[in-house]
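> Residue numbers (this note's numbering): 785 to 1167. Here a beta-carbon is modelled for each residue, glycine too, at the ideal position from N, C-alpha and C.
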Amino acid sequence: MNFHFTEEQELLRSAFAEFAKEEIAPNAARWDAENITPLDIMPKLGELGVLGIFVPEEYGGIGLGHTERVMALEEIARHSAGLAMMVFTHQLGMAAILDFGSEEQKKKYLPDMCAGTCICGLAVTEPGGGSDVAGQKTAAVLEGDSWVVNGRKCFITNSHCAGATVITCRTGEDEKGRGTFSTIIIEKGTEGFAPGREENKLGLRGSMTGELIMNNARVPKENLVGEVGQGNPIAMKEIGEVGRASMAAIATGILRGCLEDAVKFANERIVYGKPIAKLQAIQFHVAEIRCDYEAARLMLYRAAALKDEGKPASPEFSMAKYFATDAACRDARKCIEVMGGYGVVNEYAAGRYLRDAMGCISSGGTGEIQKLIVAGDTMRKFK
Ligand SMILES: Cc1cc2nc3c(=O)[nH]c(=O)nc-3n(C[C@H](O)[C@H](O)[C@H](O)COP(=O)(O)OP(=O)(O)OC[C@H]3O[C@@H](n4cnc5c(N)ncnc54)[C@H](O)[C@@H]3O)c2cc1C
């Protein structure tokens, strides 16, 4: 067992942290306040190697793993969880193409996506409910050389800016009459395909979230990803591993923000003639946030390492996502408490951390869904 990052990983982390400090930190509060999606930063992240970090070099990436991918996300989310949300969903769609797409699809889409000149998305959730994946109603019918797609997706990250979105559609039914699903890439500009309303979110602002509407959208037959009927397994694998790892990384980045801001404030705020860092009550808050941050990191990087070793890690990702999100919500509140009245002043980031942490609750599956997955695994393994 080894709890250390390699020297190469530490160097990468320093490069990501430096970029985040220079390019993201000074703008994060404005992106949040003005609800700006900073698309211009994507090519810069592409140049740094972040977007295609897990993609083989032949498709424009740098051929590392998910450990390095979530490391970059943690550094981005430390300053802007909203931007990290845009980056992770971009990578989520890319992962589906990389893991299940044809050679032509990988060559067509991945280089531009690694470069950040084409944004990707992955759309499963519908107004009828995100947790009930089998209840999706968006349908695709093969007519000649095209899939004709009809339906509506909601809460989709990068909805209005994606050049290509990986969409799950109902394409048939099994012998018991239950829907079977397939995965199709729809490009921006496709006739009959358009974004709908854009949500004005509580947190994770700096990423776009909205509807996608398909009204007899005609998509070339060759845009099918994987096999007909493989749609939900593709979505569940990518959301279950890449998606939950990313949400855990974003929540871990928020936790580090809480920790660093609480410590800084506690050292600078003088009450009774001394810094509040000397008060035991304040020290307890800081100690609790630190424990949560360290535990969230251990869970996150263990799950990422398992994935990089090619081992199944679905319950580990669910535990990491559930724990880190819950911890970020309670610790953003503690950070506000440490700051007293200043905690609710928008000049400080603590309020944004709380809104962003709450924004993490449902993306990648809610806490209840993670607990169902962890419980199922636990009942099997601990009987
Ligand atoms: C910021 C943000 C970004 C997102 N980005 C994307 C995206 O890019 N692509 C995408 O496809 N989706 C995306 N989503 C949607 C997200 O995946 C869904 O919100 C999530 O799956 C929950 O679905 P829902 O919101 O419809 O809630 P519902 O499924 O309606 O759930 C409502 C409540 O019921 C509970 N519940 C549901 N089923 C069960 C059960 N079996 N047992 C116990 N409790 C249950 C839930 O835990 C929750 O508390 C995003 C969401 C957000 C907030």
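Between which two residues does the alpha helix (DSSP H) holding serine 798 run?
As a working note, residue 798 is residue 14 in the sequence shown. Residues 791 to 803.
> Quick check: does the Cβ of leucine 906 come within less than 8 Å of any heavy atom belonging to ligand 1?
As a position in the sequence shown, residue 906 is number 122, starting the count at 1. Flag set: Cβ of leucine 906 near ligand 1.
> Could you name the residues of the same chain whose beta carbon sits closer than 7 Å to that of cysteine 938, not counting the 5 residues immediately before and after it, in chain order?
For the purposes of this step, residue 938 is identified with residue 154 of the sequence shown, where counting begins at 1. Only Thr909, Glu910, Pro911, Glu995 meet the Cβ criterion.
> Assuming glycine 1015 and threonine 967 make a contact with CB atoms under 8 Å, what is their CB distance in whole Å?
As a position in the sequence shown, residue 1015 is number 231, starting the count at 1. As a position in the sequence shown, residue 967 is number 183, starting the count at 1. That belief holds up - the Cβ atoms of glycine 1015 and threonine 967 are roughly 5 Å apart, short of 8 Å.
> For ligand 1, any of its heavy atoms closer than 8 Å to the Cβ of lysine 921?
Working through the sequence shown from its first residue, we reach residue 921 at position 137. The answer is no for lysine 921.
> Ends of the alpha helix (DSSP H) at arginine 1117?
Working through the sequence shown from its first residue, we reach residue 1117 at position 333. Segment 1098 to 1122, the alpha helix (DSSP H) holding arginine 1117.
> Can you check DSSP and say which residues form a bridge with glutamate 1017?
Locating residue 1017 in the sequence shown gives position 233, where the first residue counts as 1. In the sequence as presented, glutamate is not what sits at residue 1017; that position holds proline. In DSSP, proline 1017 forms no bridge with anything.
> Mapping the DSSP letters down to three states, classify serine 930 as helix, strand or coil.
Taking the first residue of the sequence shown as 1, we reach residue 930 at position 146. If DSSP states are grouped into helix, strand and coil, serine 930 belongs with the strands.
> Whose C-alpha, out of Gly866, Arg1117, Arg1136, Asn999, is nearest the C-alpha of leucine 988?
In the sequence shown, the residue the question calls residue 988 occupies position 204. Per the Cα distances, Gly866.
> Return yes when the C-beta of serine 1146 is under 8 Å from any heavy atom of ligand 1, and no when it is not.
Taking the first residue of the sequence shown as 1, we reach residue 1146 at position 362. The answer is yes for serine 1146.
> Nearest to isoleucine 846 by alpha carbon, out of Lys985, Arg853, Val854, Ile837?
The residue labelled residue 846 in the question sits at position 62 within the sequence shown. For the residues Lys985, Arg853, Val854, Ile837, the minimum Cα distance to isoleucine 846 belongs to Ile837.
> On the three-pair Cβ rule with 8 Å, is the region 1052 to 1062 touching the region 817 to 831?
Contact fails: fewer than three Cβ-Cβ distances are below 8 Å.
> Please confirm whether arginine 1081 and threonine 1036 have their CB atoms less than 9 Å apart.
Here residue 1081 refers to the residue found at position 297 of the sequence shown. Here residue 1036 refers to the residue found at position 252 of the sequence shown. Contact: yes.
> To the nearest angstrom, report how far apart glutamate 842 and leucine 894 are at their CA atoms.
Stepping through the sequence shown from its first residue, residue 842 is reached at position 58. Stepping through the sequence shown from its first residue, residue 894 is reached at position 110. So the alpha carbons of these two residues sit roughly 10 Å apart.
> Thinking C-beta only, is alanine 1087 closer than 9 Å to glutamate 1072?
The residue given as residue 1072 occupies position 288 in the sequence shown. The residue given as residue 1087 occupies position 303 in the sequence shown. Their beta carbons are not under 9 Å apart, which means glutamate 1072 does not touch alanine 1087 by this criterion.
> State yes or no: is the C-beta of methionine 992 within less than 9 Å of the C-beta of asparagine 942?
Residue 992 sits at position 208 when you count from the first residue of the sequence shown. Residue 942 sits at position 158 when you count from the first residue of the sequence shown. Yes; because the gap between Cβ atoms is below 9 Å, this pair is in contact.
> For tyrosine 1126, count neighbouring Cβ atoms within 10 angstroms of its own Cβ and tell me buried if that reaches 16, exposed if not.
Working through the sequence shown from its first residue, we reach residue 1126 at position 342. Per the 10 Å Cβ criterion, exposed.
> Using DSSP with H/G/I as helix, E/B as strand and the rest coil, what is proline 895?
Position 111 of the sequence shown, counting from 1, holds the residue named residue 895. If DSSP states are grouped into helix, strand and coil, proline 895 belongs with the helices.
> Among Val1009, Gly976, Phe800, Phe803, which residue has its Cα nearest to the Cα of arginine 887?
Locating residue 887 in the sequence shown gives position 103, where the first residue counts as 1. Here residue 887 turns out to be glutamate, not arginine, going by the sequence shown. Considering only alpha carbons, the answer is Val1009.
> Once DSSP output is grouped into helix, strand and coil, what is the label at proline 1004?
As a working note, residue 1004 is residue 220 in the sequence shown. Strand at proline 1004.
> Enumerate in chain order the residues of its own chain whose CB-to-CB distance from glutamine 889 is below 6 Å, with the five nearest sequence positions on each side excluded.
Looking up residue 889 in the sequence shown gives position 105. Taken in chain order, the residues that qualify are Ile881.
> What does the alpha-carbon distance come out to for the pair valine 1158 and valine 1055?
Walking along the sequence shown from the start, residue 1158 turns up at place 374. Walking along the sequence shown from the start, residue 1055 turns up at place 271. Distance between the alpha carbons of valine 1158 and valine 1055 is about 45 Å.
> Return the first residue and the last residue of the alpha helix (DSSP H) that leucine 876 is part of.
As a position in the sequence shown, residue 876 is number 92, starting the count at 1. Note, leucine 876: alpha helix (DSSP H), 865 to 884.
> Looking only at C-alpha atoms, which of Tyr1106, Gly956, Ser1030, Ala923 sits nearest to isoleucine 860?
Along the sequence shown, one-based indexing puts residue 860 at 76. Considering only alpha carbons, the answer is Ser1030.
> Would the beta-carbon of serine 1147 fall within 9 Å of that of glycine 1027?
Position 363 of the sequence shown, counted from the first residue, corresponds to residue 1147. Position 243 of the sequence shown, counted from the first residue, corresponds to residue 1027. Yes, they are a contact pair.
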